[in-house]
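A.B. asks: Sequence lines, in order, name chains A and B. For what it's worth, the numbering used here labels the leading residue of the first sequence as 5, then goes sequentially. For what it's worth, the numbering used here labels the leading residue of the second sequence as 5, then goes sequentially. Cβ coordinates follow ideal geometry from the N, Cα and C atoms, glycine included.
Protein chains: 2
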Amino acid sequence: MTIQILGSGSGGPFQGRNFTAQLLRVEGEVYLIDCGEGTQHQLYRFRARYEKVKQLFISHLHGDHVFGLMGLITSFCLKNRTETLTLYGPPGLRQMVEVNSALAGVRYPYPLEVVEVDTEVHQKVFESTLVEVYTVPLAHRTPCTGWLFREKKRHPNMRSDKILEYQMDYASIRAVKSGADLVLADGRVIPNEELVIAPPPPASYAFCSDTAPSEHVAEWVKGVHTLYHEATFTNEHTEEAAISGHSTAAQAAEIARQAGVGKLLMGHFSARYKDLSVHLEEARAIFESSYAVEEGMVYEVRREGIIS
Amino acid sequence: MTIQILGSGSGGPFQGRNFTAQLLRVEGEVYLIDCGEGTQHQLYRFRARYEKVKQLFISHLHGDHVFGLMGLITSFCLKNRTETLTLYGPPGLRQMVEVNSALAGVRYPYPLEVVEVDTEVHQKVFESTLVEVYTVPLAHRTPCTGWLFREKKRHPNMRSDKILEYQMDYASIRAVKSGADLVLADGRVIPNEELVIAPPPPASYAFCSDTAPSEHVAEWVKGVHTLYHEATFTNEHTEEAAISGHSTAAQAAEIARQAGVGKLLMGHFSARYKDLSVHLEEARAIFESSYAVEEGMVYEVRREGIIS
Chain A
5 MTIQILGSGS
15 GGPFQGRNFT
25 AQLLRVEGEV
35 YLIDCGEGTQ
45 HQLYRFRARY
55 EKVKQLFISH
65 LHGDHVFGLM
75 GLITSFCLKN
85 RTETLTLYGP
95 PGLRQMVEVN
105 SALAGVRYPY
115 PLEVVEVDTE
125 VHQKVFESTL
135 VEVYTVPLAH
145 RTPCTGWLFR
155 EKKRHPNMRS
165 DKILEYQMDY
175 ASIRAVKSGA
185 DLVLADGRVI
195 PNEELVIAPP
205 PPASYAFCSD
215 TAPSEHVAEW
225 VKGVHTLYHE
235 ATFTNEHTEE
245 AAISGHSTAA
255 QAAEIARQAG
265 VGKLLMGHFS
275 ARYKDLSVHL
285 EEARAIFESS
295 YAVEEGMVYE
305 VRREGIIS
Chain B
5 MTIQILGSGS
15 GGPFQGRNFT
25 AQLLRVEGEV
35 YLIDCGEGTQ
45 HQLYRFRARY
55 EKVKQLFISH
65 LHGDHVFGLM
75 GLITSFCLKN
85 RTETLTLYGP
95 PGLRQMVEVN
105 SALAGVRYPY
115 PLEVVEVDTE
125 VHQKVFESTL
135 VEVYTVPLAH
145 RTPCTGWLFR
155 EKKRHPNMRS
165 DKILEYQMDY
175 ASIRAVKSGA
185 DLVLADGRVI
195 PNEELVIAPP
205 PPASYAFCSD
215 TAPSEHVAEW
225 VKGVHTLYHE
235 ATFTNEHTEE
245 AAISGHSTAA
255 QAAEIARQAG
265 VGKLLMGHFS
275 ARYKDLSVHL
285 EEARAIFESS
295 YAVEEGMVYE
305 VRREGIIS
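Structure below.
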């Protein structure tokens with residue numbers, strides 16, 4: 005599971021930072037998270053292969069998280085898309101899409117579905133063969149939800165040397181893959197763990213876009229490999245963070261510490277900060293594995309501190 | 005009068021071309037024309053001083069001309085704007101702004117007005133001290149109007165040497181500026197044209213965003229100094245132009261020739277063209293002073309062929 009950052013700023017396209025958007029990949033599956041103005045520009049700029057995206061998750065309807073949506077889904081029309089696209093987001097998302105589409109005269113050659121979720125409840129809203137996606141209610145000035153992506157537990161892989169050694173047939177292989185031990189013709193029992201290669205532990209990623217610090221959030225994202233948490237401000241502007249329903253880097257780090265996550269990715273930086281060294285310093289004093297995201301970069305969700 | 009190009013492409017942010025938007029300046033006055041996605045990014049990128057803009061003219065509601073509007077007018081909120089902003093555009097513009105503003109929770113600290121114009125009639129819709137703006141009905145797939153900017157005739161400037169020579173008082177100066185001859189104490193009459201420097205002829209600029217070729221347009225923009233006319237396609241794709249309600253470079257040039265304009269600026273290029281030499285060649289065969297616009301460039305409206 006990897007996450008590519010398409011935007012790391014808030015407020016305006018300043019300091020080389022675009023509005024919030026991210027691309028999550030799990031093997032062949034691609035998910036888009038938030039879609040600020042210029043997201044399609046960033047996708048093109050970074051040569052990101054996103055055409056296979058089938059689900060797009062919008063945290064809330066503030067412009068810096070959604071004003072690129074209409075442009076993106078309109079551009080899909082020109083690409084002769086035929087596959088269904090499903091948008092998940094807060095109440096109001098459907099009206100936004102329907103009114104803009106009608107006024108702009110967009111006729112979608114592909115099925116476009118909108119699923120409005122309850123932003124006040126932590127629950128599973130989507131499931132594919134590889135992942136489950138949950139809402140993570142956030143504390144912002146408008147209905148707003150984070151998104152928690154959990155990889156499903158995978159079947160183990162068979163050891164090919166053992167298949168040969170014990171001349172295993174398909175029925176035995178299927179049984180062993182599902183967890184059974186192998187009983188040989190002579191009655192010997194080969195324990196399951198000797199026959200398989202354990203799959204990697206399921207990766208988990210939590211995206212918390214715009215939020216004041218929330219203990220509930222820390223509970224819901226407990227133990228994820230990677231937590232993205234907004235860190236709009238530094239300690240100097242703690243009061244402004246509280247008034248505007250945002251977090252400081254230190255507050256984001258405190259959530260990461262409480263939740264015991266693998267690493268913290270910080271973003272949604274206010275345009276006033278040219279340099280992010282204060283964010284990093286203040287966060288790392290509380291939670292060592294804190295990083296300030298960089299646009300275009302792809303982060304490995306599972307590994308701590310590794311940036312590819 | 006100058007025009008700065010903020011976007012020259014159609015369909016997507018490809019080939020280094022953004023969606024349509026332009027900035028028109030007449031001395032201290034600034035006007036924005038169309039506002040495709042990423043317009044605020046382009047304004048920032050080109051360090052364009054646009055904060056003084058008070059009127060924004062939208063040709064039609066297709067996304068590549070309007071999906072940057074919400075982002076721009078929301079960003080004005082963060083800049084503590086207090087001055088009224090008036091949006092001119094086709095019917096539906098008000099609903100688009102109102103619905104998006106309500107859903108995105110935008111509260112404007114400045115008065116925001118929307119004027120929906122009749123896109124089927126050529127008429128004056130706005131007037132400042134320096135310019136008049138007229139609609140130019142276009143032939144597109146949706147209600148669409150071009151915009152014609154005409155500088156007003158200016159008062160001539162007094163020749164300072166003549167003020168001294170004839171010891172003119174304020175009353176005489178005022179009379180001469182309004183066109184009167186000067187009658188001296190000894191009865192001699194000094195003709196007006198000897199006392200003043202004639203103002204430059206009023207500049208005129210026509211913006212025709214998305215349109216099939218139209219003889220009416222050629223009539224309405226007759227004799228303008230600069231005509232911006234879309235030239236989405238080359239001759240090779242004339243049929244596609246007709247189907248989609250667009251023009252080829254040759255058709256744009258033919259309109260420029262019929263209208264007898266000073267120069268033609270072509271834009272709204274389809275993403276399929278990496279190189280614009282065919283557009284230029286086909287246009288110049290019909291109308292010599294044809295140019296393919298470049299993003300960020302500022303064009304002098306009055307002078308033919310001059311690019312600053």
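(1) Which of the three DSSP states, helix, strand or coil, is assigned to A:C81?
(2) Select from the region 108–123 of chain A all residues with a C-beta closer than 8 Å to any C-beta belonging to chain B, and list them in chain order.
(3) Note down, in chain order, every chain B residue with its Cβ under 8 Å from the Cβ of A:L82.
(4) B:G72 versus chain A: which residues are under 7 Å apart at the beta carbon?
(5) Anything in chain B within Cβ reach of A:Y48, meaning under 8 Å, just list it in chain order.
(6) In this structure, what does DSSP give as the bridge partners for A:Y35?
(7) Specify the secondary structure class of A:N161 as computed by DSSP and reduced to three states.
(8) Output yes or no for whether 8 Å exceeds the beta carbon distance between A:C39 and A:I62.
(9) Measuring CB to CB, does A:T238 end up less than 8 Å from A:E286?
(10) What is the DSSP secondary structure of A:Q255, reduced to helix, strand or coil?
(11) Who pairs with A:S281 in a beta bridge, going by DSSP?
(12) On the CB-based measure, 16 or more other CB atoms within 10 Å of its CB, does A:R158 come out buried or exposed?
(13) List, in chain order, every chain B residue whose beta-carbon is nearer than 9 Å to that of A:T6.
(14) Report all residues from its chain with a CB closer than 8 Å to the CB of A:R122; omit the five preceding and five following residues, and keep chain order.
(15) With 8 Å as the threshold, decide whether the Cβ of A:L65 is near any Cβ in chain B.
(16) In whole angstroms, give me the CA-to-CA distance for A:P34 and B:A254.
(17) Compare the Cα-Cα distances from A:E240 to each of A:S251, A:D68 and A:I167 and report the closest residue.
(18) Using the beta-carbon count (16 or more within 10 Å), is A:R53 buried or exposed?
(19) Contact between the region 100–115 of chain B and the region 177–194 of chain B is defined here as three or more beta-carbon pairs at a separation below 8 Å; is this criterion met?
(20) DSSP has A:H144 in a bridge; who is on the other side?
(21) Within 10 angstroms of the Cβ of A:K267, are there 16 or more other Cβ atoms? Answer buried if so, exposed if not.
(22) Report the partner residues of B:F237 according to the DSSP bridge assignment.
(23) Which ranges does the beta strand (DSSP E) cover as unbroken runs of at least 3 residues, wholly within the region 194–249 of chain B, from first to last along the chain?
(24) Is B:G67 helix, strand or coil by DSSP?
(25) Please compile the residues from chain B whose C-beta is within a distance smaller than 7 Å of the C-beta of A:S12.
(26) Which residues, in order along the region 75–105 of chain B, keep a beta-carbon less than 7 Å from a beta-carbon of chain A?
(27) Could you say which of B:V119, B:V228, B:A260 and B:S218 lies nearest to B:M5 if we only look at CA atoms?
(28) Which bits of chain B does A:T236 rub up against, with CB to CB less than 8 Å?
(29) Strictly below 9 Å CB to CB, what residues from chain B border A:T146?
(30) What is the DSSP secondary structure of B:T43, reduced to helix, strand or coil?
(31) Expressed to the nearest angstrom, what Euclidean distance is found between the alpha-carbon atoms of A:I7 and B:P204?
(32) 8 Å is my cut-off, CB to CB: does B:H272 come that close to chain A?
(33) DSSP on A:V8, reduced to helix/strand/coil?
(34) Assuming B:K267 is part of the beta strand (DSSP E), what are its boundary residues?
(35) Let me check understanding here. Comparing Cα to Cα, which of B:F153, B:Q59 and B:L107 lies closest to B:V225?
(36) Measure the CB-CB distance between B:Q46 and B:N22 and report whether it falls below 8 Å.
C.D. replies: Reading it off the structure:
(1) Residue state, collapsed to three classes: helix.
(2) So the list reads A108, G109 and V110, given in the order they occur along the chain.
(3) Per Cβ cutoff of 8 Å: G15 and G16.
(4) The answer, in chain order, is E41.
(5) Those are G16, P17 and F18, listed as they occur along chain B.
(6) Per DSSP, the beta bridge partners of A:Y35 are A:L28 and A:Q59.
(7) Strand at A:N161.
(8) Yes.
(9) For the 8 Å CB-CB criterion, A:T238 and A:E286 form a contact.
(10) Three-state result, A:Q255: helix.
(11) For A:S281, which the question treats as bridged, DSSP gives no partner whatsoever.
(12) Counting the other Cβ atoms within 10 Å of the Cβ of A:R158 gives fewer than 16, which makes it exposed.
(13) Neighbours of A:T6 in chain B, taken as residues at a C-beta separation under 9 Å, are lacking, since the least C-beta distance is about 24 Å.
(14) Sequence inspection shows Asp at residue 122 of chain A; the Arg mentioned does not correspond to that position. Counting only residues of its own chain and dropping the five nearest sequence neighbours on each side, A:D122 has a CB closer than 8 Å to the CB of T139.
(15) Interface criterion met: the Cβ of A:L65 is under 8 Å from a Cβ in chain B.
(16) First, the residue type needs correcting, since residue 34 of chain A is Val and not Pro in the sequence shown. Taking the Cα positions, A:V34 is about 43 Å away from B:A254.
(17) With distances taken between CA atoms, A:E240 lies nearest to A:S251 out of A:S251, A:D68 and A:I167.
(18) Exposed, because fewer than 16 other Cβ atoms sit within 10 Å of the Cβ of A:R53.
(19) No, because fewer than three Cβ pairs between the region 100–115 of chain B and the region 177–194 of chain B fall closer than 8 Å, the two stretches do not touch.
(20) As DSSP reads the structure, A:H144 sits in no beta bridge.
(21) Under a 10 Å Cβ-count criterion, A:K267 is classified as buried, with 16 or more other Cβ atoms of the shown protein chains found around its own Cβ.
(22) Bridge pairing for B:F237: B:T252 [DSSP].
(23) Taken in chain order, the unbroken stretches of beta strand (DSSP E) that lie wholly in the region 194–249 of chain B and span 3 residues or more are 208–212 and 230–234.
(24) Reduced to three states, the DSSP call for B:G67 is helix.
(25) When 7 Å is used as the limit between beta carbons, A:S12 is near no residue of chain B, the shortest such separation being about 14 Å.
(26) Cβ proximity to chain A below 7 Å picks out G75, T78, S79, L82, G96, Q99, M100, V103 and N104 from the region 75–105 of chain B.
(27) Considering only B:V119, B:V228, B:A260 and B:S218, the residue with the shortest C-alpha distance to B:M5 is B:V228.
(28) Ordered by position in chain B, no residue passes the 8 Å Cβ test against A:T236, which lies about 13 Å from the chain.
(29) Per Cβ cutoff of 9 Å: A108 and G109.
(30) If DSSP states are grouped into helix, strand and coil, B:T43 belongs with the helices.
(31) So the alpha carbons of these two residues sit roughly 58 Å apart.
(32) It does not; no Cβ of chain A falls within 8 Å.
(33) For the sequence presented, residue 8 of chain A should be read as Gln rather than Val. Strand, per DSSP.
(34) Residues K267 to G271.
(35) Considering only alpha carbons, the answer is B:F153.
(36) Their beta carbons are under 8 Å apart, which means B:Q46 touches B:N22 by this criterion.
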